[in-house]
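Q: Handing you a structure now.
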Amino acid sequence: QGVFPRYNAGTSHFFKNEKINFNVNYSYNQKKINRSNDDEVNFLETENTREQFWFSDVNRNTWSNNHNLNLNFDYFINDKNTISISSTGLYTPYFKYKINNNTVIENGMGDFLSRFTADNLSRDNKYNIGTDLDYVYESKSNTRLAINAHFTIYDYERDQNVFSNFYDMNNELEDSSEFNTLANQNTEIITSKLDYSVSINEKSTFEAGAKFSNVKTDSDITRVDIINGSEVVNDANSDAFNYDEKVYAAYLNYSLSSEKWSFNLGLRTEQTDIVGTSITLNEATNQNYLRWFPNAGLSVNISDNFSLYSTYKRSIQRPSYTDLNPFTFFLNENTVVVGNPNLTPTFIDHITIGTTLLKYLTFEAYYMNYDGAINELPRQDNENNILAYTPVNLDKTVEYGFDFVTDFYLTNRWSVYFVTSFYNVTEETSFGEDIVELSQWSNYSALSNNINLLKDNSLNINFDLTFGGKNLQRLQIVENRLISNLRISKSMFNKKGVLSLSVQDLFNEQDFRSSVNYLNQRNSMFTNLDNRLISLGFRYKFGNTRLSTNERVSELDERNRLKDLN
Numbered sequence: 004q005g006v007f008p009r010y011n012a013g014t015s016h017f018f019k020n021e022k023i024n025f026n027v028n029y030s031y032n033q034k035k036i037n038r039s040n041d042d043e044v045n046f047l048e049t050e051n052t053r054e055q056f057w058f059s060d061v062n063r064n065t066w067s068n069n070h071n072l073n074l075n076f077d078y079f080i081n082d083k084n085t086i087s088i089s090s091t092g093l094y095t096p097y098f099k100y101k102i103n104n105n106t107v108i109e110n111g112m113g114d115f116l117s118r119f120t121a122d123n124l125s126r127d128n129k130y131n132i133g134t135d136l137d138y139v140y141e142s143k144s145n146t147r148l149a150i151n152a153h154f155t156i157y158d159y160e161r162d163q164n165v166f167s168n169f170y171d172m173n174n175e176l177e178d179s180s181e182f183n184t185l186a187n188q189n190t191e192i193i194t195s196k197l198d199y200s201v202s203i204n205e206k207s208t209f210e211a212g213a214k215f216s217n218v219k220t221d222s223d224i225t226r227v228d229i230i231n232g233s234e235v236v237n238d239a240n241s242d243a244f245n246y247d248e249k250v251y252a253a254y255l256n257y258s259l260s261s262e263k264w265s266f267n268l269g270l271r272t273e274q275t276d277i278v279g280t281s282i283t284l285n286e287a288t289n290q291n292y293l294r295w296f297p298n299a300g301l302s303v304n305i306s307d308n309f310s311l312y313s314t315y316k317r318s319i320q321r322p323s324y325t326d327l328n329p330f331t332f333f334l335n336e337n338t339v340v341v342g343n344p345n346l347t348p349t350f351i352d353h354i355t356i357g358t359t360l361l362k363y364l365t366f367e368a369y370y371m372n373y374d375g376a377i378n379e380l381p382r383q384d385n386e387n388n389i390l391a392y393t394p395v396n397l398d399k400t401v402e403y404g405f406d407f408v409t410d411f412y413l414t415n416r417w418s419v420y421f422v423t424s425f426y427n428v429t430e431e432t433s434f435g436e437d438i439v440e441l442s443q444w445s446n447y448s449a450l451s452n453n454i455n456l457l458k459d460n461s462l463n464i465n466f467d468l469t470f471g472g473k474n475l476q477r478l479q480i481v482e483n484r485l486i487s488n489l490r491i492s493k494s495m496f497n498k499k500g501v502l503s504l505s506v507q508d509l510f511n512e513q514d515f516r517s518s519v520n521y522l523n524q525r526n527s528m529f530t531n532l533d534n535r536l537i538s539l540g541f542r543y544k545f546g547n548t549r550l551s552t553n554e555r556v557s558e559l560d561e562r563n564r565l566k567d568l569n
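Just so you know, this note's numbering puts 286 at position 283 of the sequence shown, and the rest follows in order with no gaps.
Have a look at this one:
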């Protein structure tokens, strides 16, 4: 129960014998989620003096019904060979997204000029199905060969209607507008990979592998303006976009270890070929590049209570397929979300050096350099009074910090986990003919307590606190947040059943304000999330509850790039 009630029900089944492991999970959830925003935009004149002030009271509600299905099937041919099939599916037959907006416009002196309202109603339909076929060979000499083939089909449709009323300086209705938008995205992901590992001796291991992935996305958007009761296609805001991405990758890893130290060295290479085509504009975006990604690690156990370690890794993050679509999606006539087909991947260099003391104290320093970090930025057009949210590649993002982690038992029934990080983020990018560079020191801390009560330890209490200090994200300053969760659970019926009660955001400090203040950009947003929840749950296990399930979910970078519209 949050602002509105939510429901979730599920069932899991597991069967096992000498030859077969079979697991299937199904869940259904029904939600209505509320979110409110107070948005402020200062539209500026040439000398950055305020010309107009726009205050928007925005309320968002989403209704959704979701079906989730996950199944895993393992067939053991013999002691060395296994064939597996796994699949995960999400089907959303009903998703309604309603945005009610009231914007008041004042001049630079604070005098009322006008206002407008915008009612935005969207209905979505979506399914996302991913399937894996695996073959694994394992020998007694610690040789392992794994072959995987994966296929994902993702289909998403949004039907949107936006109706706006515009009022003059006397707060009397002056004009109105209405338009419909139909957006579709169909994505197919095919991957295949081979992983091989062998123990050279008791101290060293060699690993090698290769992977191929192909992603094809067909997207289109059509806007229809309602003029005098008639539908007129808006060609300027209608388009179709086809995206085809192929990645060829291979890697080598070598690790060596002893009682006192361990060492690993690896190298991964990726060849990427991309073609993106705007059908309406007849424009193509091509990318072709070869990149190398080394990694290395060294750890030394100086004593039983003292060790040192250091790691380095270079990696890549690619943009979501939705962000690449060159579409303009209107939340209202003055607030838009604009895609960017020219986005390039983010290349990340990550270095750590740390020490572990007494086996439960860890101190670590780290440095991360993001080349072309992808961020969705609010860009205000002061001439046309438009706020556009656009994903861009930042020129430079650097983060470095110091972490402290501890994990210990206060008593044999009470465990504590604590982490705190003091870090600095610097973001830099070009903005027209200017350069923006912002820097901010921040703190992130988390405390988790887990307590078992009663003679049989059947009553469990878990209390978590997470503090996020003032920080820099996407060239925006985000103010302090405190996240709190309390969960109480009681096992019963010989540990076959569990009754649980949880409360989230106990102190009502999880909402946050973010602000933009550089060059000719002046805007802020206070976000009131629907995160104060009380949840009551019950779980019961039938049959042989001592069996260990083979449940697993495929984790692919290509699947993680699937994203719905805002």
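Quick reminder that beta carbons are idealized off the backbone N, C-alpha and C, glycines included.
Note that the coordinates shown come from a computational prediction; the quantities given were computed from them, not determined experimentally.
If we count Cβ pairs, one from each stretch, closer than 8 Å, do we get three or more for the region 486-496 versus the region 454-473?
A: yes
Q: With a threshold of 8 Å, are at least 3 pairs of Cβ atoms found where one atom belongs to the region 332-341 and the other to the region 175-194?
A: Segment contact: the region 332-341 against the region 175-194, three or more CB-CB distances shorter than 8 Å; contact assigned.
Q: Verify whether the separation of the beta carbon atoms of V193 and S167 is less than 9 Å.
A: Taking the first residue of the sequence shown as position 1, residue 193 is located at position 190. Taking the first residue of the sequence shown as position 1, residue 167 is located at position 164. A small fix is needed here, since residue 193 is Ile in this sequence, not Val. Between I193 and S167, the C-beta gap is not smaller than 9 Å, which leaves the two residues out of contact.
Q: Run through DSSP, which three-state label would A376 get?
A: Against the sequence shown, residue 376 aligns to sequence position 373. Coil, per DSSP.
Q: Go ahead and label E436 buried or exposed: buried means 16 or more other beta carbons lie within 10 angstroms of its beta carbon, across all protein chains shown.
A: As a first step, residue 436 is located in the sequence shown; it is residue number 433 there, counting from the start. Looking at its Cβ environment, which holds fewer than 16 other Cβ atoms inside 10 Å, E436 is exposed.
Q: Compute the Euclidean distance between the alpha carbons of Y10 and F98, then round it to the nearest angstrom.
A: Looking up residue 10 in the sequence shown gives position 7. Looking up residue 98 in the sequence shown gives position 95. Y10 and F98: Cα-Cα distance of roughly 15 Å.
Q: Taking contact to mean 3 or more Cβ pairs, one atom from each stretch, closer than 8 Å, check whether the region 410-417 and the region 515-530 are in contact.
A: Cβ pair count under 8 Å is below three, so no.
Q: In terms of DSSP beta bridges, what is D410 paired with?
A: Counting from one through the sequence shown, the residue named residue 410 turns up at place 407. Note: D410 sits in a beta bridge opposite Y420.
Q: Using the DSSP secondary-structure output, state which residues sit across from G232 in a beta bridge.
A: Taking the sequence shown and counting its residues from 1, the one referred to as residue 232 is at position 229. DSSP, once it has assigned bridges, lists no residue as partnering G232.
Q: So, does the region 151-164 touch the region 297-307, judging by three or more C-beta pairs under 8 Å?
A: Flag = no, the region 151-164 and the region 297-307 do not touch.
Q: In three-state DSSP terms, what is T184?
A: In the sequence shown, residue 184 corresponds to position 181, counting from 1. Of the three classes helix, strand and coil, the one that applies to T184 here is strand, per DSSP.
Q: Taking Cβ to Cβ, would you say R321 is nearer than 9 Å to T280?
A: The residue labelled residue 321 in the question sits at position 318 within the sequence shown. The residue labelled residue 280 in the question sits at position 277 within the sequence shown. Not in contact: R321 and T280 (Cβ atoms no closer than 9 Å).
Q: For a minimum of 3 consecutive residues, which ranges assigned as the beta strand (DSSP E) are wholly contained in the region 516-542?
A: Segments of the beta strand (DSSP E) lying fully in the region 516-542: 524-532.
Q: Under the three-state reduction of DSSP, which class applies to T283: helix, strand or coil?
A: In the sequence shown, residue 283 corresponds to position 280, counting from 1. Note: T283 maps to coil in three-state DSSP.
Q: Please list, in chain order, all residues of the same chain as A449 whose beta carbon is under 6 Å from its beta carbon, the five residues on each side excluded.
A: Locating residue 449 in the sequence shown gives position 446, counting from the first residue. Cβ neighbours of A449 beyond the five flanking positions: V422 and T469.
Q: I believe I108 touches R118 by the beta-carbon criterion, under 8 Å. Please report the beta-carbon distance rounded to the nearest angstrom.
A: Here residue 108 refers to the residue found at position 105 when the sequence shown is read from its first residue. Here residue 118 refers to the residue found at position 115 when the sequence shown is read from its first residue. Indeed, because the Cβ distance is near 6 Å, the residues count as touching under 8 Å.
Q: In whole angstroms, give me the CA-to-CA distance for T530 and S59.
A: For this step, residue 530 is matched to residue 527 along the sequence shown. For this step, residue 59 is matched to residue 56 along the sequence shown. Each residue's alpha carbon lies about 12 Å from the other.
Q: Assign E175 to one of three DSSP states: helix, strand, or coil.
A: Your numbering for residue 175 matches position 172 in the sequence shown. Note: E175 maps to coil in three-state DSSP.
Q: When burial is assigned at 16 or more other CB atoms within 10 Å of the CB, is I351 buried or exposed?
A: Along the sequence shown, one-based indexing puts residue 351 at 348. Answer is buried; the Cβ neighbour count reaches 16.
Q: If I measure Cβ to Cβ from T146 and keep anything under 7 Å in the same chain, skipping five residues before and after, which residues do I get?
A: As a working note, residue 146 is residue 143 in the sequence shown. Residues of the same chain with a CB within less than 7 Å of the CB of T146, apart from the 5 flanking positions on each side, are V201 in chain order.
Q: With a cut-off of 8 Å, do at least 3 Cβ pairs link the region 351-362 to the region 254-267?
A: no
Q: Report yes or no: do three or more beta-carbon pairs, one from the region 306-320 and one from the region 67-85, lie closer than 8 Å?
A: no
Q: Identify the continuous alpha helix (DSSP H) that holds N563 and give its terminal residues.
A: Mapped onto the sequence shown, residue 563 falls at position 560. First-last of the alpha helix (DSSP H) with N563: D560 to N563.
Q: In whole angstroms, what is the alpha-carbon distance linking L93 and G540?
A: Residue numbering aside, residue 93 sits at position 90 when the sequence shown is read from its first letter. Residue numbering aside, residue 540 sits at position 537 when the sequence shown is read from its first letter. Cα-Cα distance, rounded: 22 Å.
Q: Start and end of the alpha helix (DSSP H) containing T325?
A: Residue 325 sits at position 322 when you count from the first residue of the sequence shown. Residues Y324 to L327.
Q: How about the region 518-527 and the region 496-509: do they share at least three Cβ pairs that are nearer than 8 Å?
A: Counting C-beta pairs with one atom in each stretch, the region 518-527 and the region 496-509 have fewer than three that are closer than 8 Å, which means they do not touch.
Q: Out of S318, N285, E286 and I282, state which residue places its alpha-carbon closest to the alpha-carbon of R294.
A: Reading the sequence shown from its first residue, position 291 is the one you call residue 294. Here the closest residue by C-alpha is S318.
Q: Would a C-beta distance cut-off of 9 Å place D127 and E160 closer than the cut-off?
A: Within the sequence shown, the letter at position 124 stands for residue 127. Within the sequence shown, the letter at position 157 stands for residue 160. It is a contact, given that the beta carbons lie within the stated cut-off.
Q: So the candidates are T208, V250, Q290 and I486; which of them puts its Cα closest to the Cα of T272?
A: Residue mapping note: residue 272 aligns to position 269 of the sequence shown, counting from 1. Of the listed residues, the one whose Cα sits closest to T272 is V250.
Q: Please report the residue range of the beta strand (DSSP E) in which T134 lies.
A: If you number the sequence shown from 1, residue 134 lands on position 131. Where T134 is concerned, the enclosing beta strand (DSSP E) stretches over F115 to E141.
Q: Please state whether DSSP places N497 in a helix, a strand or coil.
A: Indexing the sequence shown from 1 puts residue 497 at position 494. Coil, per DSSP.
Q: Might you give, ordered along the chain, the residues of its own chain that have their beta carbon closer than 6 Å to the beta carbon of N84, omitting 5 neighbours on each side?
A: Within the sequence shown, numbered from 1, the residue matching residue 84 stands at position 81. Answer for N84: Y140, listed in chain order.
Q: In chain order, what residues of the same chain lie with their CB nearer than 7 Å to the CB of K399, ignoring the 5 residues before and after it?
A: Looking up residue 399 in the sequence shown gives position 396. Same-chain partners within the cutoff: E431.
Q: Applying the 10 Å Cβ sphere with the 16-neighbour rule, what's the burial state of Q163?
A: In the sequence shown, the residue the question calls residue 163 occupies position 160. Q163 comes out buried.
Q: For N237, I'd like the list of residues in its chain whose CB is within less than 8 Å of its CB, leaving aside the five on either flank, ordered along the chain.
A: Along the sequence shown, one-based indexing puts residue 237 at 234. The answer, listed in chain order, is F182, R226, V227 and D228.
Q: Suppose you measure from the CA of D276 to the CA of E248; what does that come to, to the nearest Å?
A: Working through the sequence shown from its first residue, we reach residue 276 at position 273. Working through the sequence shown from its first residue, we reach residue 248 at position 245. The straight-line gap from Cα to Cα measures roughly 6 Å.
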